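In this note's numbering, the protein residues as written are 4 to 456.
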């Protein structure tokens, strides 16, 4: 299988890295030679220094013979034109990054139909939705839904005095409908077994029925945590605008601090009630103190500078902020930022890459969530007739130890499987897989060629 990625920026690089790690043939195209340098030096992929929006470029046999084209150049218009040209040159499937909200919503469906774009991704909206879900679950470091909302993933920090710590899983009594799936400890992802236990400072991943997870999550809420009422956002870019509007609509008081006057004015036009946009420097301790950072329930740092976001996240904690959320561009910073005290770290790039991976793996895979900077994945896959696991008890299937079957949805009904559960064709299965094992694991659940063709 061959995938062409147009645009060698941050998102293009991340997608190329993830796909090449799965032994997919990847071609990265960019008209800017400098952009291609990092790709050439670090990834085992082919690069082409040309303008992909030029029809002549798409005549290149390394491009027009591809199965999928992913357009993530900096310009929405270039991405749309490239996808149209790609279809005209025989490339069957196209994905476009489109950031302009005017192209989304109803216009997005129009473009899919008339421009023949198979998948449209907007990293900023995806990131805003992710932050929103986390804020709505006070104890969560990560929340994600699978199987149309019938199964929920929940990540939380195991804190001092937790009643779940230091108890072997074979003795741990979790509520019905909740399963412990993964542990992130000391830079490692662990699939727990009976003798394993949760330790203080672990990041624990649970999965189960949404109602059960919602109730269970209250066990991880710190004392004196109150309902979400006041949120301060530093930075007024696309993510901030999308997030602030959603929070404002719920009646939550939002303060946005932005040093760029034009962005600040754009944000102010979107807010109502006692929410407001403040023109100022988010690193100014006096300003933060004056605007009530200590009384805010959450501080969300969304500037375009990773180091600045980290500094503001730590400064916010020092000034009394109860919870901090930080957006990063460079995924290698994610674990470091969490280690120094920031509560939640979000990467719009990895969230968008998850959408792309699910599309490229469509031979049964319908959903992908990348966890802990790509150390593991939660994958939703449909059991196909004739697959190695089909019509067998789980205890009779020698699945790789690098995976865990967490949940099953059958005929619209969700269940948490055990060793006696028989997997049937058509079942939606949610798996936890460690890095590098997804290709092998998914092959147990699918019979046909795994990737889209």
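Backbone N, C-alpha and C fix where the C-beta goes; we use that ideal spot for every residue, glycine too. Bear in mind the structure is a predicted one, so any value in this text is a computation, not a measurement.
Confirm, please, whether the CB-CB distance from residue 425 to residue 396 is below 9 angstroms. Here the question's residue 396 lines up with position 393 in the chain shown. Here the question's residue 425 lines up with position 422 in the chain shown. Yes, the pair counts as a contact, with Cβ atoms nearer than the cut-off.
Candidates 416, 427, 436: which alpha carbon is nearest residue 389's? For the purposes of this step, residue 389 is identified with residue 386 of the chain shown, where counting begins at 1. Of the candidates 416, 427, 436, the one whose C-alpha sits nearest the C-alpha of residue 389 is 427.
Same chain, Cβ closer than 7 angstroms to residue 261, five either side skipped, listed in chain order: For this step, residue 261 is matched to residue 258 along the chain shown. For residue 261, where only same-chain residues beyond five positions count, the Cβ hits under 7 angstroms are 238, 239, 267, 270, 280, 282.
Which residues in the same chain as residue 454 place their Cβ atom closer than 8 angstroms to its Cβ, once the five residues preceding and following it in sequence are excluded? Against the chain shown, residue 454 aligns to sequence position 451. For residue 454, the pLDDT reaches just 47, beneath the cut-off of 50, and the residue's location in the model is therefore unreliable, leaving the point undetermined.
Pull up the CB-CB distance for residue 156 and residue 381, whole angstroms please, since I reckon it's below 8 angstroms. For this step, residue 156 is matched to residue 153 along the chain shown. For this step, residue 381 is matched to residue 378 along the chain shown. Right, the Cβ-Cβ distance comes to about 6 angstroms (below 8 angstroms), so this counts as a contact.
Taking contact to mean 3 or more Cβ pairs, one atom from each stretch, closer than 8 angstroms, check whether the stretch 246-255 and the stretch 323-338 are in contact. Cβ pair count under 8 angstroms is below three, so no.
Please work out which residues of its chain come closer than 6 angstroms, Cβ to Cβ, to residue 76, disregarding the five sequence neighbours upstream and downstream, and give them in chain order. Counting from one through the chain shown, the residue named residue 76 turns up at place 73. Same-chain partners within the cutoff: 9, 10, 82.
Are any of the Cβ atoms in chain D nearer than 9 angstroms to that of residue 445? This model lacks chain D altogether; it includes just one protein chain.
Determine the DSSP secondary structure at residue 49, reduced to helix, strand or coil. In the chain shown, the residue the question calls residue 49 occupies position 46. In the structure shown, residue 49 sits in a strand (DSSP, three-state: E or B).
Classification of residue 57 by the beta-carbon crowding that lies within 10 angstroms, buried from 16 upward: In the chain shown, residue 57 corresponds to position 54, counting from 1. Its Cβ having fewer than 16 others within 10 Å, residue 57 is exposed.
Is the beta carbon of residue 123 closer than 9 angstroms to that of residue 89? On the chain shown, position 86 is the one that residue 89 refers to. On the chain shown, position 120 is the one that residue 123 refers to. Contact: no.
What does the alpha-carbon distance come out to for the pair residue 59 and residue 102? Reading the chain shown from its first residue, position 56 is the one you call residue 59. Reading the chain shown from its first residue, position 99 is the one you call residue 102. One C-alpha to the other measures close to 26 angstroms.
Please state the DSSP three-state secondary structure of residue 187. Position 184 of the chain shown, counted from the start, is the residue given in the question as residue 187. Strand at residue 187.
If you drop the 5 nearest sequence neighbours on each side, which residues of the same chain put their C-beta closer than 6 angstroms to that of residue 121? Position 118 of the chain shown, counted from the first residue, corresponds to residue 121. Cβ within range, chain order: 96, 97.
What are the boundary residues of the beta strand (DSSP E) that includes residue 350? Position 347 of the chain shown holds residue 350. If you look at residue 350, you'll find it in the beta strand (DSSP E) that goes 347-350.
DSSP three-state assignment for residue 282, whether helix, strand or coil: Residue mapping note: residue 282 aligns to position 279 of the chain shown, counting from 1. Residue 282 falls in the strand class under three-state DSSP.
Thinking residue 46 and residue 78 are a contact (beta carbons under 8 angstroms), I'd like their distance in whole angstroms, please. Position 43 of the chain shown, counted from the start, is the residue given in the question as residue 46. Position 75 of the chain shown, counted from the start, is the residue given in the question as residue 78. No, residue 46 and residue 78 are not in contact; Cβ-Cβ is about 23 angstroms, not under 8 angstroms.
Assigned secondary structure, residue 206 (DSSP; H/G/I helix, E/B strand, else coil): The sequence position of residue 206 within the chain shown is 203, counting from 1. Annotated three-state conformation of residue 206 is strand, per DSSP.
9 angstroms Cβ cutoff met for residue 386 and residue 429: Residue mapping note: residue 386 aligns to position 383 of the chain shown, counting from 1. Residue mapping note: residue 429 aligns to position 426 of the chain shown, counting from 1. Their beta carbons are under 9 angstroms apart, which means residue 386 touches residue 429 by this criterion.
Is DSSP giving residue 428 helix, strand or coil here? As a working note, residue 428 is residue 425 in the chain shown. Coil.
DSSP bridge partner residues for residue 145 (one or two, in chain order): Taking the chain shown and counting its residues from 1, one reaches residue 145 at position 142. Answer by DSSP bridge pairing, in chain order: 158.
Reduced DSSP category for residue 435 - H, G, I as helix; E, B as strand; rest coil: By 1-based counting over the chain shown, the position of residue 435 is 432. Strand, per DSSP.
Do residue 130 and the ligand ADP come close, with the Cβ less than 8 angstroms from some heavy atom? Absent from the structure shown: the ligand ADP. Ligands present: none.
Span of the beta strand (DSSP E) holding residue 417? Taking the first residue of the chain shown as 1, we reach residue 417 at position 414. Note, residue 417: beta strand (DSSP E), 416-418.
Would you mind reading off the limits of the alpha helix (DSSP H) that contains residue 4? Looking up residue 4 in the chain shown gives position 1. Element bounds for residue 4: n/a, residue is neither H nor E.
Could you have a look at residue 171 and say whether DSSP puts it in helix, strand or coil? Your numbering for residue 171 matches position 168 in the chain shown. Of the three classes helix, strand and coil, the one that applies to residue 171 here is strand, per DSSP.
When you compare only the Cα positions, how much space is there between residue 207 and residue 16? Here residue 207 refers to the residue found at position 204 when the chain shown is read from its first residue. Here residue 16 refers to the residue found at position 13 when the chain shown is read from its first residue. Each residue's alpha carbon lies about 29 angstroms from the other.
The alpha helix (DSSP H) spanning residue 310 covers which residue range? Numbered from 1 along the chain shown, position 307 holds the residue referred to as residue 310. Element bounds for residue 310: 309-321.
Give the single residue among 21, 394, 351 whose Cα lies nearest to the Cα of residue 129. For the purposes of this step, residue 129 is identified with residue 126 of the chain shown, where counting begins at 1. Taking only the C-alpha atoms, the option nearest residue 129 is 351.
DSSP has residue 327 in a bridge; who is on the other side? Within the chain shown, residue 327 is the residue found at index 324, counting from 1. The partner list for residue 327 (beta bridge, DSSP) reads 302.
Measure the alpha-carbon distance for residue 117 versus residue 86 and round it to whole angstroms. Taking the chain shown and counting its residues from 1, the one referred to as residue 117 is at position 114. Taking the chain shown and counting its residues from 1, the one referred to as residue 86 is at position 83. Distance between the alpha carbons of residue 117 and residue 86: 12 angstroms.
Tell me whether residue 225 is buried or exposed, calling it buried when 16 or more other Cβ atoms sit within 10 Å of its Cβ. What you label residue 225 is simply residue 222 of the chain shown in a count that begins at 1. Looking at its Cβ environment, which holds fewer than 16 other Cβ atoms inside 10 Å, residue 225 is exposed.
Buried versus exposed call for residue 456 [16 or more other C-beta atoms within 10 Å across all chains shown]: To locate residue 456, count along the chain shown from 1; it is residue 453. Only weak support is given to the placement of residue 456: the predicted model assigns it a pLDDT of 39, under 50, and the question is left unresolved by the model.
Pairwise C-alpha distance: residue 54 and residue 236: Looking up residue 236 in the chain shown gives position 233. Looking up residue 54 in the chain shown gives position 51. Each residue's Cα considered, the two are about 38 angstroms apart.
Helix, strand or coil: how does DSSP classify residue 55 here? Position 52 of the chain shown, counted from the first residue, corresponds to residue 55. Residue 55 falls in the coil class under three-state DSSP.
Can you tell me whether residue 253 is helix, strand or coil according to DSSP? Counted from its first residue, the chain shown places residue 253 at position 250. Correct three-state label for residue 253: coil.
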